[in-house]
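What follows is a short report on a single structure.
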Amino acid sequence: MKLYTNGVMYKVNIHQNRADLPYLFFLHGFMGSSKVFEPVISRVRETCNPVTIDLLGHGDTIISDEVNPDRFAAQNQVADLLSVLNRLKLPDLFIYGYSMGGRLAQHLVANHPSYFSGLILESTHCGITDSNERENRAATDENRAQEIEEDFESFVDEWIRLPLFDSQNDESEINYEQIIRQQNPKWMAASLRGFGAGVMSPVCKTLADLNHPKLLIAGKIDQKYVDKMTQMAQLCSNATVEIIEDAGHRVHADRPEQIAKILTQFLNSHV
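Using our numbering, read the sequence shown as starting at 1007 and increasing by one per residue.
Right under this line is the structure:
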């Protein structure tokens, strides 16, 4: 379905509506789309009602050609998603966020906790608290935005070869490269400038004080995010960490069957 809110036509899909199951709202990462979760969704239909969305500037969500990076700021995207959820009126709602989508999910839950029954995060973080580190990351994101604007194809060629993504299963059910190459370069650059990790306000303290059940997932090969998720679990109340063998940054792509298994266990424990 298409839902229009705040000048944006969002692509949203409620994959099923079973009254006996909770809803799980999936948020994808940078240069991804709702398609990246299809292998997981096909495995959790007996556990939950999956709901997917193409986030601002991604996939089949339609925005104006005149893009201001400020439109991608956390508070604006949170307002969009809140408007979508208010129209969908989904009971017993959990949220799942991967990487960039995980940062957005945390902002959504931190600002509107009453909407959600629990939070599931994959390969993400709650924000950069050190000011120098934030400045450095903002500069990196600006450089990447300029590279996207100058030569998107070359940027993608380098992006898909980053060590972060080396571990993707050769037999993956997702063609990530195809999804990435289909993105609009103008919107990807705006996303980095408006919602890159360097400009995002951290929400670590707010999340730590929330008692919502939290499931934190990382791939064992992705040591950087194993450390980040472990640290977040130590900070937050009511949090569980799952480190998935033979998986890297994109755990949902590398090991969808394992993701489905731990989602089933988590949701069954908190519904």
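Ideal placement from N, C-alpha and C gives every residue a C-beta, glycine not left out.
Worksheet entry | Same chain only: Cβ atoms within 6 Å of lysine 1234, ignoring 5 sequence neighbours per side | Within the sequence shown, residue 1234 is the residue found at index 228, counting from 1. Its chain contains His1131 as the residues whose beta carbon lies nearer than 6 Å to that of lysine 1234, once the 5 sequence neighbours on both sides are disregarded; these appear in chain order.
Worksheet item: So who's on the other strand from isoleucine 1126, going by DSSP bridges?
Response: One-based indexing of the sequence shown puts residue 1126 at position 120. Paired residues: Tyr1102 and Leu1221.
Worksheet item: Where do the N-terminal and C-terminal ends of the alpha helix (DSSP H) with threonine 1236 fall, by residue?
Response: Mapped onto the sequence shown, residue 1236 falls at position 230. Per DSSP, the unbroken alpha helix (DSSP H) holding threonine 1236 starts and ends at 1229 to 1241.
Discussion item. Among Gln1112, Arg1093, Phe1158 and Glu1044, whose alpha-carbon lies nearest the alpha-carbon of alanine 1214?
Written reply: As a position in the sequence shown, residue 1214 is number 208, starting the count at 1. Looking from the CA of alanine 1214, the closest CA among Gln1112, Arg1093, Phe1158 and Glu1044 belongs to Gln1112.
Worksheet entry | Inter-residue CB distance, arginine 1150 and leucine 1110 (contact presumed, cutoff 8 Å) | Numbered from 1 along the sequence shown, position 144 holds the residue referred to as residue 1150. Numbered from 1 along the sequence shown, position 104 holds the residue referred to as residue 1110. Between arginine 1150 and leucine 1110 a beta carbon distance of about 18 Å is seen, past the 8 Å cut, so the two are scored as non-contacting.
Worksheet item: Which partner residues of proline 1056 appear in the DSSP bridge assignment?
Response: Along the sequence shown, one-based indexing puts residue 1056 at 50. For proline 1056, which the question treats as bridged, DSSP gives the partners Leu1030.
Worksheet item: So what does DSSP say about arginine 1019, is it helix, strand or coil?
Response: For the purposes of this step, residue 1019 is taken as residue 13 along the sequence shown, with counting starting at 1. Here the sequence assigns asparagine to residue 1019, which means arginine is not the residue at that position. In the structure shown, the three-state DSSP call for asparagine 1019 is strand.
Fill in: Residue closest to tyrosine 1016, alpha-carbon to alpha-carbon, out of Leu1062, Pro1097 and Thr1236
The sequence position of residue 1016 within the sequence shown is 10, counting from 1. Out of Leu1062, Pro1097 and Thr1236, Leu1062 has the C-alpha closest to the C-alpha of tyrosine 1016.
Fill in: For alanine 1245, three-class secondary structure by DSSP
In the sequence shown, the residue the question calls residue 1245 occupies position 239. It is a strand residue.
Worksheet item: When DSSP labels each residue in this structure, what does isoleucine 1186 get in the three-state scheme?
Response: If you number the sequence shown from 1, residue 1186 lands on position 180. Look at isoleucine 1186 here: in three-state DSSP terms it is helix.
Discussion item. Tell me which residue opens and which closes the alpha helix (DSSP H) that leucine 1273 is part of.
Written reply: Along the sequence shown, read from residue 1 onward, the residue named residue 1273 stands at position 267. 1262 to 1276 is the span of the alpha helix (DSSP H), which, as asked, contains leucine 1273.
Practice prompt. Determine the DSSP secondary structure at leucine 1170, reduced to helix, strand or coil.
Written response: Within the sequence shown, the letter at position 164 stands for residue 1170. DSSP places leucine 1170 in helix when its eight states are reduced to three.
Item to complete: State the DSSP-derived secondary structure class of threonine 1212, mapped to helix, strand or coil.
Response: Counting from one through the sequence shown, the residue named residue 1212 turns up at place 206. DSSP places threonine 1212 in helix when its eight states are reduced to three.
Worksheet item: Ends of the alpha helix (DSSP H) at leucine 1091?
Response: Here the question's residue 1091 lines up with position 85 in the sequence shown. 1080 to 1094 is the span of the alpha helix (DSSP H), which, as asked, contains leucine 1091.
Discussion item. Helix, strand or coil for threonine 1011? Go by DSSP, reduced to three states.
Written reply: As a working note, residue 1011 is residue 5 in the sequence shown. The three-state reading of DSSP puts threonine 1011 in strand, counting E and B together.
Worksheet item: Residues in its own chain within less than 7 Å of phenylalanine 1036 by CB, not counting five upstream and five downstream?
Response: The sequence position of residue 1036 within the sequence shown is 30, counting from 1. Correct list, in chain order: Ser1105, Met1106 and Ser1197.
Item to complete: May I have a chain-ordered list of the beta strand (DSSP E) segments no shorter than 3 residues that lie completely inside the segment 1106 to 1155?
Response: Taken in chain order, the unbroken stretches of beta strand (DSSP E) that lie wholly in the segment 1106 to 1155 and span 3 residues or more are 1124 to 1128.
Discussion item. Quick check on serine 1048: buried or exposed, where buried means 16 or more other Cβ atoms within 10 Å of its Cβ?
Written reply: Here residue 1048 is taken as the residue at index 42 of the sequence shown, counted from 1. Note on serine 1048: under 16 other CB atoms within 10 angstroms of its CB, so exposed under the neighbour-count rule.
Fill in: Touch test, the segment 1090 to 1102 against the segment 1247 to 1255, Cβ-Cβ under 8 Å, three pairs minimum
The segment 1090 to 1102 vs the segment 1247 to 1255: no contact.
Practice prompt. Using three-state DSSP, classify isoleucine 1068 as helix, strand or coil.
Written response: For the purposes of this step, residue 1068 is taken as the residue at position 62 of the sequence shown. Strand.
Worksheet entry | Beta-carbon gap between proline 1119 and phenylalanine 1158 smaller than 8 Å | Here residue 1119 is taken as the residue at index 113 of the sequence shown, counted from 1. Here residue 1158 is taken as the residue at index 152 of the sequence shown, counted from 1. No, the pair does not count as a contact, with Cβ atoms beyond the cut-off.
Fill in: Close Cβ partners of serine 1040 (< 8 Å) along its chain, the five nearest in sequence each way excluded
Taking the sequence shown and counting its residues from 1, one reaches residue 1040 at position 34. Within the same chain, serine 1040 has close Cβ partners Lys1017, Asn1019, Phe1032, His1034, Thr1058, Ile1059, Asp1060 and Gly1065.
Item to complete: Could you check which residue in Ile1166, Val1073, Thr1212 and Leu1114 has the C-alpha nearest to that of tryptophan 1085?
Response: Counting from one through the sequence shown, the residue named residue 1085 turns up at place 79. According to the sequence shown, residue 1085 is alanine rather than tryptophan. Of the listed residues, the one whose Cα sits closest to alanine 1085 is Leu1114.
Discussion item. Determine whether the beta carbon atoms of proline 1219 and glycine 1108 lie at a separation below 8 Å.
Written reply: Position 213 of the sequence shown, counting from 1, holds the residue named residue 1219. Position 102 of the sequence shown, counting from 1, holds the residue named residue 1108. No. Outside cutoff.
Worksheet item: alpha helix (DSSP H) containing glycine 1200: first to last residue?
Response: Position 194 of the sequence shown, counting from 1, holds the residue named residue 1200. Run containing glycine 1200: 1191 to 1201, per the alpha helix (DSSP H) assignment.
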